[in-house]
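Position 151 (the sequence shown) corresponds to 150 in numbering that gives the first Met the number 0; numbering is contiguous. Contents: one structure, followed by commentary.
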Amino acid sequence: MDWIKENVQPFLPETHIRGIAVGNEVLGNSNQELWEVLLGAVKNVYKAVSMLNLTNVIQVSSPHSQAVFANSYPPSSCIFKEDIAQYMKPLLEFSSQIGSPFFINAYPFLAYMSDPEHIDINYALFKSNPGVYDQKTNLHYDNMFDAQIDAAYVALEGAGFGKMEVIVSETGWASRGDANEAGATVKNARTYNYNLRKRLAKKKGTPFRPKMAVKAYIFALFNENLKPGPTSERNFGLFKADGSISYGIGFTGLKPSSAASSLLSLKDIRVRGWSGPYMVLMTCAAVLLLVLTS
Numbered sequence: 000m001d002w003i004k005e006n007v008q009p010f011l012p013e014t015h016i017r018g019i020a021v022g023n024e025v026l027g028n029s030n031q032e033l034w035e036v037l038l039g040a041v042k043n044v045y046k047a048v049s050m051l052n053l054t055n056v057i058q059v060s061s062p063h064s065q066a067v068f069a070n071s072y073p074p075s076s077c078i079f080k081e082d083i084a085q086y087m088k089p090l091l092e093f094s095s096q097i098g099s100p101f102f103i104n105a106y107p108f109l110a111y112m113s114d115p116e117h118i119d120i121n122y123a124l125f126k127s128n129p130g131v132y133d134q135k136t137n138l139h140y141d142n143m144f145d146a147q148i149d150a151a152y153v154a155l156e157g158a159g160f161g162k163m164e165v166i167v168s169e170t171g172w173a174s175r176g177d178a179n180e181a182g183a184t185v186k187n188a189r190t191y192n193y194n195l196r197k198r199l200a201k202k203k204g205t206p207f208r209p210k211m212a213v214k215a216y217i218f219a220l221f222n223e224n225l226k227p228g229p230t231s232e233r234n235f236g237l238f239k240a241d242g243s244i245s246y247g248i249g250f251t252g253l254k255p256s257s258a259a260s261s262l263l264s265l266k267d268i269r270v271r272g273w274s275g276p277y278m279v280l281m282t283c284a285a286v287l288l289l290v291l292t293s
């Protein structure tokens, strides 16, 4: 309750907070002790949001990675892993009761990087390509992003939650990577996120759920320059850690990082209408909503 009061409620309604992600990719990670307490954590956060009468404004859910699926290709074959299903089902039951969506982190970049010899990079980047047919459903996919979303829809339907909405809580493309991280370039990152923006602007659904407009958050707003691991992990941001722009994706008013005016001070940010608290929340979440609601 105190956390919601201090970090969420004071910034409403000026800041458009759409949801709270409880944990991130908990189910499927190596710490199974967290699997057992995830549902309780989600319930506690929802209870606090409810007591503050914010449930009509803020959704509460927990993002999942592709690791929760036993198989996701083709989309029609997707099911939840057996060892995860016992934790996933009660979580889905609660989400269904409170009207929350299923949050999935969808990364065509990771799929391409893991198998660049067999995956068409144009299919991953929303560029022209022959696409893929799912023979079971006879549906055609011209991009991997839609296929990953529909795989989640199929898994939900198989688990008895076919009416639940899928929202992409993270998606993005690394602008730099190590020698073994195929596709991690500025050009590809710009192409993916620019085409993603155009895809979302159409407010269209997927082949499996054509009437359900896709909603997605881009990862990330800033590079996480202190994050350990491969180089790609530190280079998903639209902005660099110093505030300069990594690359543009068509938003007006942004200039390339080589420009003298590319550094954004906090004063500049406030002038542009981004409040300090908003930036703190967005930096912590490391996401940027790309759903165009206007």
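Built from N, CA and C at the ideal position, the CB exists for glycine as well. Fair warning: this is a prediction, and the values are worked out from it, not measured in the lab.
Bounding residues of the beta strand (DSSP E) (the contiguous stretch that carries Leu33): That residue, Leu33, is in no beta strand (DSSP E); its alpha helix (DSSP H) goes 31-50.
Alpha-carbon to alpha-carbon, Ser231 and Glu180: 8 Å
From the DSSP output, which residues share a beta bridge with Asn70? Ile78
Looking at C-alpha atoms only, which residue of Asn6, Val25, Ile57, Phe108 is the closest neighbour of Thr184? Phe108
Express the C-alpha separation of Met143 and Asn192 in angstroms, rounding to a whole number. 13 Å
Which complete beta strand (DSSP E) runs does the segment 173-230 hold, if anything under 3 residues is left out? 215-217
In this structure, does DSSP put Ser95 in helix, strand or coil? helix
Under 8 Å, do Pro100 and Val165 count as touching if we go by C-beta distance? yes
Proximity of Pro62 and Glu24 at Cβ, strictly below 8 Å: yes
Does DSSP classify Glu156 as helix, strand or coil? helix
At the level of alpha carbons, what is the spacing between Ile248 and Asp133? 31 Å
Sort Phe250, His117, Ile103 by Cα distance to Tyr152 and report the nearest one. Ile103
With DSSP as the reference, identify every bridge partner of Tyr140, one or two as the case may be. Val131
What does DSSP give as the partner residue(s) for Glu24 in the beta ladder? According to DSSP, Glu24 bridges with nothing at all.
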